[in-house]
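The block underneath contains the structure these notes are about, expressed in structure tokens.
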Amino acid sequence: MAEPEQTCLSVKCPTCGTSVIWKPENTFRPFCSQRCKLTDLGGWADEEYTVTAQEEGLLEISEFECIYR
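Mapping to our numbering: the sequence shown position 61 is 69, numbers consecutive.
Right, dumping it as structure tokens:
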């Protein structure tokens, strides 16, 4: 009996756009290389990327004191 053929998922490297096969052996996925992975990390460190978030209302000092008394 023949084994079922597995299809490999292919994604584009977020840094350079190179096609990357998504498999466990690719330790840099979704990036194509360590260089692209580190380039992306550097972008986060330099605050080139942001994630928007809703800020929760800050507690007033009196509310804070009531919680911890």
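A virtual CB, placed ideally from N, CA and C, is assigned to each residue, including glycine.
Straight-line spacing of the CA atoms in Lys-31 and Thr-60 works out to 30 Å. Look at Lys-31 here: in three-state DSSP terms it is coil, with no helix or strand label. CA-CA distance, Phe-39 to Gln-62, rounds to 29 Å. Phe-36 and Lys-45 have their C-alpha atoms roughly 7 Å apart. Straight-line measurement puts the Cα of Pro-22 at about 11 Å from the Cα of Ser-41.
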